[in-house]
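Only one structure is covered here, and it is reproduced in the block below.
There are 2 protein chains.
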Amino acid sequence: MTTDQRTAFDTRFAELRERLAEIQDLTSIGAVLGWDRSTYLPEGGAAARGRQSAVLSRIRHAKATDADLGRLIDGLERDVEALEADSFEARLVRVARRDFDRATRLPSDFVARMSRHTSETYGAWTKARPANDFAAMVPRLEQTLELSRQYSAFFPEFSHPMDVFVDGSDEGMTVQKVRAVFAELREGLVPLVRAVTERPEPRTDFVGRAYDVATQLRFGESVARDYGYDFSRGRQDLTAHPFMTRFSIDDVRITTRVQENDLTDALFSTLHETGHALYEQNVDRAFEGLPLARGASAGVHESSSRLWENVVGRSRGFWARYFGPLRDTFPQQLADVSEEEMYRAVNVVRKSLIRTDADELTYNLHVILRFELELAMIEGTLEVRDLADAWHARYESDLGMRAPDDRDGVLQDVHWFGGLIGGAFHGYTLGNILSLQFWDAAVKAHPGIPGEIERGEFGALRGWLTQNVYRFGRSRAAAEVARNATGSELTVAPYLAYLRGKYGELYNLS
Amino acid sequence: MTTDQRTAFDTRFAELRERLAEIQDLTSIGAVLGWDRSTYLPEGGAAARGRQSAVLSRIRHAKATDADLGRLIDGLERDVEALEADSFEARLVRVARRDFDRATRLPSDFVARMSRHTSETYGAWTKARPANDFAAMVPRLEQTLELSRQYSAFFPEFSHPMDVFVDGSDEGMTVQKVRAVFAELREGLVPLVRAVTERPEPRTDFVGRAYDVATQLRFGESVARDYGYDFSRGRQDLTAHPFMTRFSIDDVRITTRVQENDLTDALFSTLHETGHALYEQNVDRAFEGLPLARGASAGVHESSSRLWENVVGRSRGFWARYFGPLRDTFPQQLADVSEEEMYRAVNVVRKSLIRTDADELTYNLHVILRFELELAMIEGTLEVRDLADAWHARYESDLGMRAPDDRDGVLQDVHWFGGLIGGAFHGYTLGNILSLQFWDAAVKAHPGIPGEIERGEFGALRGWLTQNVYRFGRSRAAAEVARNATGSELTVAPYLAYLRGKYGELYNLS
């Protein structure tokens, strides 16, 4: 570029930044409304909150689909060809293009219809689930499926109708790739789960004793702090369904749930959300206020949460460090429990009906079956009205159990009842797979990491993740992040090796 | 109107409603951001929150000043001449006109500048106050004053530069009127305060004993519930400075603060904010989502809070009902205290330094002095850098005491550090004056009210207030509400008579 060209480019680029920052601020404001809805909203406030969120999202949508923004991106795309592909400018323009295309393909009346449908369906689900009334959800879910298909049709460049959703949360991923990865994983998992669940269960009686909830929360927060979650730039509150949300790099919040008669539920939920929060708190500050200041994909995000929850939080090293403080915190309840017993209890493998309660090993079977069910619906080989039965059949074949009702069957997860059918679940398992690729690479670079964990030190691990994953935010696609950080794209082998090693030892498998 | 005219009018009026509802929703979203900032925002989150609030307020401002909205109001103003002045349509158009004129006078870059300045100044104040660092606030406050003057200059129709703010919070009020009312009140108050503070003080030692904070909060909330505050459409949280905020008629929240060594601070703050909340929860539902669904003025709002806090909450009848439950709640701490001693303790008159801690009687002296100081700054007879000294001088002359530092001097109230200088305080005392006008009228209509209070029943009082004040929201100006409800405009006599009667009896004045 000449100096004049550069000056003209800088002006246009500054306008892009400004427009994207405004859209990002509106996204963050929407997140505040959502956080408050889940944490503190009084019962009566829900209707007005729905209206307010809709107003905000309509305004945001208008800004995100503004034709002037489109023209600006068109011009800048040509400009950045003269810059390095790795430059900040080129990265931002690439993401702006992706977001703009995603937003403009959907006609605004379709967006409004979908938004109304989503909120009505969610409302209906909150009633249907406790009432165990899947039949009431069938017509709504049929509409959801129809809307999902229409959505997909606006993106004819994808060869599979579910690809638009898979690619939406995990750029570059396709149904075909996920299918292959899941097949490989399942092949390894099924015999392992069978072998483990044939062995005697470890002792877990003490997990259900009475543990003061406020004390539980404080303990979880102390570990989150050790992990490196900066509470001066975050906080934890209570919700029915734990989540992480981000209002800015300096305001990344998590939520958890806590039960007096469960020592581990709140703790691991806190560690899981802390894993998400560490990602968001450590994105490059240069991206702040822009659409780059988020995770690379659902899968990479989940790799961070699962790494800190499971690979670290359920490791022997972790419990070598934290069992003492936990026993000091609950001396009466844990008087008859050893460190080894605690380690085994937090890694108990048990076939179960509820995904969010599932252990590290069986969890993926819950995910894979959901992925395949939604795929079957999208492909038209499964009717919505048969979904509840198909669900039960899959649980029988994959986990050898059947839910007594639909409440703990097909109605258990909000995902299908809060928006689209397609692409809602696979990211969880992609995250599990990736978490081991990242862990192995981190330990290869810093062999002292396992030893540090035994001392409650997490700086080297967090540092490696920041350096190789977190800081890039959304400026690089997931596949690029994985390749650069680990030397390969998504690969199942390290994850299976980890599971085989850990559970083989725990359950004395030959 | 002909049928055709009526149809055309209905279409235009529906558009007005829709536009005003959107603006109102954006206002409510801003209120959520503000509530979160004061209750749960982590330290690091302040900068981004300031930016988000500014973005939102810029968007809201653009909608509120849209030329099409102006033209719509122009047309509707002509149309509603054919309707009754008291009709819903005429009322809404009148308020829309007022808001539109207020909003269009301020250029949008000025609004953005003010909003940024406000949030930065507030942040600086939260640090400067504990550090007792008034000097750090001087340049910011000078900028606030300058912005306030610029604001005022956009409204040249007002004869006094502070009138735009006085009229802004209390439509129809002027500096001149407030000055006259305050002069009359002060003339009555000064000798009464002198006489009372020459008498021996009642016993108050037990107020400062140790009272569990969670229990204090629960007790306050139980009284708020008795008053009629609907917690399914509201909630209470903790903030440094208590306030009431409204996200919709079904989500009206209050905040309080609580200290272990003060039995009365949290309680009366809760009762005060409950008074505000009762107003907002009982506005006519037909106004919901429109700019009519708020209080008529700062003064009328404050009349409700002061009525429930003081006229009810510090009455002999109230304590006849609630001393028992309070003593049951804190049996050890209140074992040696009688009902009469409690009643006297919550009505102790004591010259003091902190407005929000001041008793019912001296409170107005704190307000009048602030009103006069901000008036002097606006009029240019007091420089910001001399404000701290002027503050101390006025406290010496009016209350015979001097704060040991600025933390408990000029830095004590957020008002000047959270926005504009001018018109921030007078509403409190207008509210006190009005509260007695409303109380007298309510008791005249329902002579059983004092007896009901002794039984913890508040339905007749709340019902009269709803019928005569609350339900009208902002559809009627304050003066009209007062006149219709009490038969006269703002008048000091009932308030002075109440104070003379109550404190004459309490302190045995002849």
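Those sequence lines, one after another, are chains A and B.
Take the first sequence: its position 265, counted from the start at 1, is 256 in our numbering, and no numbers get skipped.
Take the second sequence: its position 227, counted from the start at 1, is 218 in our numbering, and no numbers get skipped.
Glycine residues also receive a C-beta, built at the ideal position from the N, C-alpha and C atoms.
Predicted model, so just to flag it, every value in this text is computed and none were measured.
Would you say phenylalanine 238/A reaches chain B, if we count a Cβ-Cβ gap shorter than 8 angstroms as a contact? Reading the first sequence from its first residue, position 247 is the one you call residue 238/A. So yes, phenylalanine 238/A belongs to the interface.
Using only the alpha-carbon positions, how far apart do alanine 268/B and leucine 356/A sit? Taking the second sequence and counting its residues from 1, one reaches residue 268/B at position 277. Taking the first sequence and counting its residues from 1, one reaches residue 356/A at position 365. Going by C-alpha positions, alanine 268/B is about 51 angstroms away from leucine 356/A.
Grab the span of the beta strand (DSSP E) containing phenylalanine 238/B for me, first residue to last. The sequence position of residue 238/B within the second sequence is 247, counting from 1. Its beta strand (DSSP E) spans residues 235 to 239.
Does glutamate 178/B have its Cβ less than 8 angstroms from a Cβ in chain A? As a first step, residue 178/B is located in the second sequence; it is residue number 187 there, counting from the start. No, glutamate 178/B does not count as interfacial toward chain A.
From the DSSP output, in three-state form, read off threonine 247/B for me. The sequence position of residue 247/B within the second sequence is 256, counting from 1. Strand, per DSSP.
Endpoints, the alpha helix (DSSP H) within which leucine 317/B is located: Numbered from its first residue, the second sequence carries residue 317/B at position 326. Note, leucine 317/B: alpha helix (DSSP H), 307 to 320.
Limits of the unbroken beta strand (DSSP E) element including glutamine 324/A: The residue labelled residue 324/A in the question sits at position 333 within the first sequence. Neither: glutamine 324/A is in no beta strand (DSSP E) and is coded neither H nor E.
Short CB-CB distance (under 8 angstroms) between valine 46/A and chain B: Translated into the one-based positions of the first sequence, residue 46/A becomes position 55. By this cut-off, valine 46/A is an interface position.
Relative to the C-alpha of valine 46/A, which residue among Ala289/B, Pro316/B and Leu11/B is closest? Counted from its first residue, the first sequence places residue 46/A at position 55. Valine 46/A has its Cα closest to that of Leu11/B, out of Ala289/B, Pro316/B and Leu11/B.
Should glycine 308/A be counted as a contact of the ligand ADP given a C-beta to heavy atom distance under 7 angstroms? Within the structure as shown, the ligand ADP is missing, as the structure has no ligands at all.
How many Å lie between valine 23/A and arginine 42/B at the Cα? Here residue 23/A refers to the residue found at position 32 when the first sequence is read from its first residue. Here residue 42/B refers to the residue found at position 51 when the second sequence is read from its first residue. Computed Cα separation, rounded: 14 angstroms.
Straight-line CA distance for tryptophan 430/A to valine 71/A? Against the first sequence, residue 430/A aligns to sequence position 439. Against the first sequence, residue 71/A aligns to sequence position 80. Each residue's alpha carbon lies about 35 angstroms from the other.
If you pair each beta-carbon of the region 257 to 273 of chain B with each one of the region 231 to 239 of chain B, do three or more pairs fall below 8 angstroms? Three or more beta-carbon pairs drawn from the region 257 to 273 of chain B and the region 231 to 239 of chain B are found closer than 8 angstroms, and the two stretches are therefore classed as touching.
List, in chain order, every chain A residue whose beta-carbon is nearer than 7 angstroms to that of glutamine 43/B. Walking along the second sequence from the start, residue 43/B turns up at place 52. Chain A residues near glutamine 43/B: Asp16, Ser19 and Ile20.
Less than 8 angstroms between the C-beta atoms of phenylalanine 416/B and phenylalanine 362/B, yes or no? Taking the first residue of the second sequence as position 1, residue 416/B is located at position 425. Taking the first residue of the second sequence as position 1, residue 362/B is located at position 371. Going by beta carbons, phenylalanine 416/B and phenylalanine 362/B fall inside the 8 angstroms limit.
In chain B, what lies closer than 7 angstroms to aspartate 27/A by C-beta? As a working mapping, residue 27/A is identified with position 36 in the first sequence. Going along chain B in sequence order, the residues near aspartate 27/A (Cβ under 7 angstroms) are Val23 and Asp27.
Chain B beta carbons: is any one of them nearer than 8 angstroms to that of tyrosine 419/A? Residue numbering aside, residue 419/A sits at position 428 when the first sequence is read from its first letter. So no, tyrosine 419/A is outside the interface.
Cβ shell of histidine 292/B (< 8 angstroms), same chain only, five flanking positions each side left out: Residue numbering aside, residue 292/B sits at position 301 when the second sequence is read from its first letter. Only residues of its own chain outside the window of five on either side were considered, and among them His267, Tyr270, Gly286, Gly418 and Gly422 have a CB closer than 8 angstroms to the CB of histidine 292/B, listed in chain order.
Contact with chain A by phenylalanine 222/B, beta-carbon distance below 8 angstroms: Walking along the second sequence from the start, residue 222/B turns up at place 231. Chain A, which has a Cβ nearer than 8 angstroms to the Cβ of phenylalanine 222/B, makes this yes.
What's the gap between the Cα of glutamate 178/B and the Cα of tyrosine 489/B? As a first step, residue 178/B must be located in the second sequence, where it is residue number 187. As a first step, residue 489/B must be located in the second sequence, where it is residue number 498. C-alpha separation (whole angstroms): 15 angstroms.
Could you tell me which chain A residues have their CB closer than 8 angstroms to the CB of glycine 36/B, listed as they occur along the chain? As a position in the second sequence, residue 36/B is number 45, starting the count at 1. In chain order: Arg224, Phe238, Ser239, Asp241 and Asp242.
Measuring alpha carbon to alpha carbon, tell me which residue in Gln227/B, Thr372/B, Glu13/B and Gln458/B is nearest asparagine 475/B. Numbered from its first residue, the second sequence carries residue 475/B at position 484. For asparagine 475/B, the nearest C-alpha among the options comes from Gln458/B.
Leaving out five residues before and five after phenylalanine 156/B in sequence, what residues of the same chain have Cβ atoms less than 6 angstroms from its Cβ? Counted from its first residue, the second sequence places residue 156/B at position 165. Cβ neighbours of phenylalanine 156/B beyond the five flanking positions: Gly413 and Gly414.
Alpha carbon to alpha carbon, how far is arginine 467/B from threonine 246/B? For the purposes of this step, residue 467/B is taken as the residue at position 476 of the second sequence. For the purposes of this step, residue 246/B is taken as the residue at position 255 of the second sequence. Arginine 467/B and threonine 246/B: Cα-Cα distance of roughly 28 angstroms.
Report the partner residues of aspartate 228/A according to the DSSP bridge assignment. Within the first sequence, residue 228/A is the residue found at index 237, counting from 1. DSSP, once it has assigned bridges, lists Thr246/A as partnering aspartate 228/A.
Output, in chain order, the set of chain B residues within a Cβ distance shorter than 9 angstroms of alanine 39/A. Here residue 39/A corresponds to residue number 48 of the first sequence, with the count starting at 1. Result: Asp16, Ser19, Phe238, Ser239, Ile240, Asp241, Asp242, Glu279 and Gly280.
Taking the CB atoms as reference points, tell me whether leucine 366/A and arginine 385/A lie closer together than 8 angstroms. Taking the first sequence and counting its residues from 1, one reaches residue 366/A at position 375. Taking the first sequence and counting its residues from 1, one reaches residue 385/A at position 394. Taking 8 angstroms as the Cβ cut-off, leucine 366/A and arginine 385/A do not qualify as a contacting pair.
Please classify proline 395/B as buried or exposed, where buried requires at least 16 other C-beta atoms within 10 Å of its C-beta. For the purposes of this step, residue 395/B is taken as the residue at position 404 of the second sequence. The residue is exposed, with fewer than 16 neighbouring Cβ atoms inside 10 Å.
Proximity of threonine 482/A and alanine 432/A at Cβ, strictly below 8 angstroms: As a working note, residue 482/A is residue 491 in the first sequence. As a working note, residue 432/A is residue 441 in the first sequence. Their beta carbons are not under 8 angstroms apart, which means threonine 482/A does not touch alanine 432/A by this criterion.
With distances taken Cα to Cα, identify the nearest neighbour of glutamate 387/A among Arg82/A, Arg376/A, Met368/A and Leu344/A. Locating residue 387/A in the first sequence gives position 396, where the first residue counts as 1. That would be Leu344/A, whose Cα lies nearest to the Cα of glutamate 387/A.
Neighbour-count burial assignment, serine 150/A, 16 or more Cβ in a 10 Å radius: Taking the first residue of the first sequence as position 1, residue 150/A is located at position 159. The residue in question, serine 150/A, is exposed, as its Cβ has fewer than 16 Cβ neighbours within 10 Å.
Is it right to say threonine 135/B is buried, meaning 16 or more other beta carbons lie within 10 angstroms of its own, or is it exposed? The residue given as residue 135/B occupies position 144 in the second sequence. So threonine 135/B counts as buried.
Under a Cβ-count criterion, where at least 16 other Cβ atoms within 10 Å of its own Cβ denotes burial, should phenylalanine 145/B be classed as buried or exposed? Here residue 145/B is taken as the residue at index 154 of the second sequence, counted from 1. Label assigned to phenylalanine 145/B: exposed.
For the region 408 to 453 of chain B, which segments carrying the beta strand (DSSP E) assignment without a break, of at least 3 residues, lie completely within its bounds, in sequence order? none
Can you find a C-beta in chain B that's less than 8 angstroms from the C-beta of proline 233/A? Your numbering for residue 233/A matches position 242 in the first sequence. No, because no Cβ of chain B sits closer than 8 angstroms to the Cβ of proline 233/A.
Considering Cα atoms alone, identify which of Leu325/B, Val129/B and Phe101/B is closest to methionine 368/B. Sequence index remark: in the second sequence, residue 368/B carries index 377 (1-based). Nearest option by C-alpha distance: Val129/B.
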